[in-house]
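Participant:
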């Protein structure tokens, strides 16, 4: 048995070396392709310059949230009817899908990966989940975001949020949100299982599917926070990773059905335990200046952990997007929830404006000795074709990753997703079209022009 284990480890190490070599070759090919980008294309995404701090009450008031938690009795009533909730470990033990190494992915999928810095690990999803364009991934949060406190599972976990098209497919599926629970304990064998996101009814006797573009997602302790849709009352939804429910009927319906419980055919469903709403009204409304959160990330900060958000804007927008930060509560009874005042309000503890548009990934990183964080911003190109850009921006200025003979900064993913940083391994996880990949933060800094 020991000898067989050694051979297994040797094969995994050999496969890992082969994959790294393959990814390096892919990076060279993409770099060669980048040399064909003209100088005019290289200036598509203009330098966003320095961040402008927002400190006046008129600037920060539109960012204020109010917390709305689902009553405990409502959640308990649903759990009593459906059966005892399970946690992340139970979902991972039943993983029924496998991610493929980059070498086994299609050339079209690999072409979406960043040119510079090159991905050190890359995977594509099970072909059964990419056969239709109706479902698209956009957000990711890795084990590093959990900050360990309050977590119980024994696996390295990556969560990826997918949203169904709001206009295509069956009417029952349009706009639904699901999360891939990925077991990343063994880098050579990533497996995953789907969990449908839901919202319980007021009386706790049923639930409906969450209809929301999950473009941003952060796991902190035992909670998962996801973005809500434009024009809705909610800005964020909150999920408890210890309140995942098994379904009993594999039907296309969602909620209570004859014979039990269904979640559009998925084996697990996770009902929301709360939400946050802007105090001034829904985002995207003509009557409010509340920003629509486009993407999220965890900011550990110099003192307390925080939730960083960027404003959703079109790629060709001239609107100056906002970046802001909320603090997480330090109260043990409120693990994973945002810090609120006595009236349940959440204020932004930091806020900035940026000239960057089309932001699809945001990451805040505090360097030793720096009073303010640096923000890494991944965005799509204006033309919606080719690769996007990745900028590091602070209150002093901005620098972009560069590649190709003309030093273009359109070097990031073609269809960039959110960013998640794991400090213990210096890994930044993100999405590129239908690819899941990671790069060292150090490599990003080295690629800055």
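Numbering (the numbering used here), first residue to last: 3 to 451. Don't be surprised by glycine CBs; every beta carbon is placed ideally from N, CA and C. Computed from a prediction, not measured in an experiment: that's the story for all the values here.
1. Around the C-beta of residue 82, are 16 or more other C-beta atoms found within 10 angstroms, so that it is buried, or is it exposed?
2. Return the chain-ordered list of same chain residues with a C-beta closer than 6 Å to the C-beta of residue 170, the five sequence neighbours on each side being excluded.
3. Which of the three DSSP states is assigned to residue 420 in this structure?
4. Apart from the five residues just before and just after residue 140, which ones in its own chain have a Cβ nearer than 6 Å to its Cβ?
5. Is it the case that the Cβ atoms of residue 478 and residue 376 are separated by a distance below 7 Å?
6. Between residue 356 and residue 322, how many whole angstroms is the CB-CB distance? I'm expecting something under 8 Å.
7. Do residue 143 and residue 220 count as a contact pair if the criterion is CB distance below 7 Å?
8. Residue 226 by DSSP, collapsed to three states: which one?
9. Along the chain, where does the beta strand (DSSP E) that runs through residue 111 open and close?
10. If distances are taken between C-alpha atoms only, which option among 165, 421 and 210 comes closest to residue 438?
11. Between the C-alpha atoms of residue 307 and residue 332, what's the straight-line distance to the nearest angstrom?
12. Compare the Cα-Cα distances from residue 337 to each of 447, 311, 382 and 242 and report the closest residue.
13. To the nearest angstrom, how far is the alpha carbon of residue 427 from that of residue 449?
14. Here's the rule I'm using: 16 or more other beta-carbon atoms within 10 Å means buried, otherwise exposed. How should residue 204 be labelled?
15. Measuring straight from C-alpha to C-alpha, what distance separates residue 94 and residue 272?
16. Please work out which residues of its chain come closer than 8 Å, Cβ to Cβ, to residue 255, disregarding the five sequence neighbours upstream and downstream, and give them in chain order.
17. Which of the three DSSP states, helix, strand or coil, is assigned to residue 96?
18. Under 8 Å: do the stretch 109-119 and the stretch 407-419 share three or more Cβ pairs, one atom per stretch?
19. Under the three-state reduction of DSSP, which class applies to residue 65: helix, strand or coil?
20. Can you check which of these residues, 328, 228 and 111, is closest to residue 388 by C-alpha distance?
21. Hey, residue 239 and residue 228: beta-carbon distance below 7 Å or not?
22. At which residues does the beta strand (DSSP E) containing residue 143 begin and terminate?
23. Considering residue 81, what are the terminal residues of the alpha helix (DSSP H) in which it resides?
24. With a CB to CB cut of under 6 Å and the five nearest residues on each side skipped, what residues in its chain are close to residue 214?
25. Under 7 Å Cβ to Cβ from residue 452, same chain only, skipping five residues before and after it: list those, please.
26. Spatial neighbours of residue 166 within its chain, please: CB distance less than 7 Å, with the 5 preceding and 5 following residues excluded, ordered by chain position.
27. Specify, as a first and last residue, the run of the beta strand (DSSP E) that residue 295 falls within.
28. Taking the Cβ atom as the reference point for each residue, do residue 212 and residue 201 lie within a distance shorter than 7 Å?
29. What do you get for residue 279, buried or exposed, if any count of 16 or more other CB atoms within 10 angstroms of its CB means buried?
30. By DSSP's criteria, residue 196 is part of a beta bridge. Which residues make up the other side?
31. Alpha carbon to alpha carbon, how far is residue 96 from residue 260?
32. In the DSSP assignment, what residue or residues form a beta bridge with residue 220?
33. Using DSSP's beta-bridge definition, name the partner residues of residue 413.
34. Per DSSP, what are the beta-bridge partners of residue 432 in this structure?
35. Thinking C-alpha only, which one of 315, 397 and 340 is nearest residue 363?
36. Taking C-alpha atoms, which residue in 51, 84 and 124 lies nearest to residue 208?
Facilitator: On the basis of the data shown:
1. Here residue 82 refers to the residue found at position 80 when the chain shown is read from its first residue. The residue in question, residue 82, is exposed, as its Cβ has fewer than 16 Cβ neighbours within 10 Å.
2. Here the question's residue 170 lines up with position 168 in the chain shown. Cβ within range, chain order: 136.
3. Along the chain shown, one-based indexing puts residue 420 at 418. Three-state result, residue 420: coil.
4. Here residue 140 refers to the residue found at position 138 when the chain shown is read from its first residue. 217 and 419.
5. Missing from the structure shown is residue 478; the chain here goes from 3 to 451 and no further.
6. In the chain shown, residue 356 corresponds to position 354, counting from 1. In the chain shown, residue 322 corresponds to position 320, counting from 1. 7 Å between Cβ atoms; contact.
7. Here residue 220 refers to the residue found at position 218 of the chain shown. Here residue 143 refers to the residue found at position 141 of the chain shown. Yes; because the gap between Cβ atoms is below 7 Å, this pair is in contact.
8. Here residue 226 is taken as the residue at index 224 of the chain shown, counted from 1. It is a strand residue.
9. Taking the chain shown and counting its residues from 1, the one referred to as residue 111 is at position 109. No beta strand (DSSP E) contains residue 111, which is instead part of the alpha helix (DSSP H) from 109-112.
10. Against the chain shown, residue 438 aligns to sequence position 436. Of 165, 421 and 210, the residue nearest in Cα terms is 421.
11. The residue you call residue 307 lines up with position 305 of the chain shown. The residue you call residue 332 lines up with position 330 of the chain shown. Rounded to the nearest angstrom, the two C-alpha atoms are 9 Å apart.
12. Here residue 337 is taken as the residue at index 335 of the chain shown, counted from 1. The shortest Cα separation from residue 337 among 447, 311, 382 and 242 belongs to 242.
13. As a working mapping, residue 427 is identified with position 425 in the chain shown. As a working mapping, residue 449 is identified with position 447 in the chain shown. Approximately 19 Å, taken between the alpha carbons.
14. By one-based count along the chain shown, residue 204 stands at place 202. Classification for residue 204: exposed.
15. Position 92 of the chain shown, counted from the first residue, corresponds to residue 94. Position 270 of the chain shown, counted from the first residue, corresponds to residue 272. Roughly 14 Å between the two C-alpha positions.
16. To locate residue 255, count along the chain shown from 1; it is residue 253. If we look at residue 255 and ignore the five residues flanking it on each side, its Cβ neighbours are 174, 264 and 266.
17. Numbered from 1 along the chain shown, position 94 holds the residue referred to as residue 96. In the structure shown, residue 96 sits in coil (DSSP, three-state: anything other than H, G, I, E or B).
18. yes
19. Along the chain shown, read from residue 1 onward, the residue named residue 65 stands at position 63. Note: residue 65 maps to helix in three-state DSSP.
20. Position 386 of the chain shown holds residue 388. Among 328, 228 and 111, the Cα nearest to that of residue 388 is on 111.
21. Residue mapping note: residue 239 aligns to position 237 of the chain shown, counting from 1. Residue mapping note: residue 228 aligns to position 226 of the chain shown, counting from 1. Yes. Within cutoff.
22. Position 141 of the chain shown, counted from the first residue, corresponds to residue 143. First-last of the beta strand (DSSP E) with residue 143: 137-144.
23. Position 79 of the chain shown, counted from the start, is the residue given in the question as residue 81. Segment 74-84, the alpha helix (DSSP H) holding residue 81.
24. Along the chain shown, read from residue 1 onward, the residue named residue 214 stands at position 212. Closer than 6 Å at the Cβ level, and outside the excluded window around residue 214, lie 179, 230 and 231.
25. The structure shown does not extend to residue 452, since the chain is modelled only from 3 through 451, so no value can be given for it.
26. Locating residue 166 in the chain shown gives position 164, where the first residue counts as 1. Answer for residue 166: 136, 137, 175, 176, 177 and 178, listed in chain order.
27. Taking the chain shown and counting its residues from 1, the one referred to as residue 295 is at position 293. Segment 295-301, the beta strand (DSSP E) holding residue 295.
28. Here residue 212 refers to the residue found at position 210 of the chain shown. Here residue 201 refers to the residue found at position 199 of the chain shown. For residue 212 and residue 201, yes; Cβs fall inside 7 Å.
29. By one-based count along the chain shown, residue 279 stands at place 277. Buried, by the Cβ-count rule.
30. Here residue 196 refers to the residue found at position 194 when the chain shown is read from its first residue. Answer is 182, bridged to residue 196.
31. Here the question's residue 96 lines up with position 94 in the chain shown. Here the question's residue 260 lines up with position 258 in the chain shown. Each residue's Cα considered, the two are about 25 Å apart.
32. Within the chain shown, the letter at position 218 stands for residue 220. Answer is 227, bridged to residue 220.
33. Taking the chain shown and counting its residues from 1, the one referred to as residue 413 is at position 411. Its beta-bridge partners do not exist; DSSP assigns none.
34. Start at 1 with the first residue of the chain shown, and residue 432 comes out as number 430. Note: residue 432 sits in a beta bridge opposite 439.
35. For this step, residue 363 is matched to residue 361 along the chain shown. If we check each option's Cα against that of residue 363, 315 comes out closest.
36. Against the chain shown, residue 208 aligns to sequence position 206. Considering only alpha carbons, the answer is 84.
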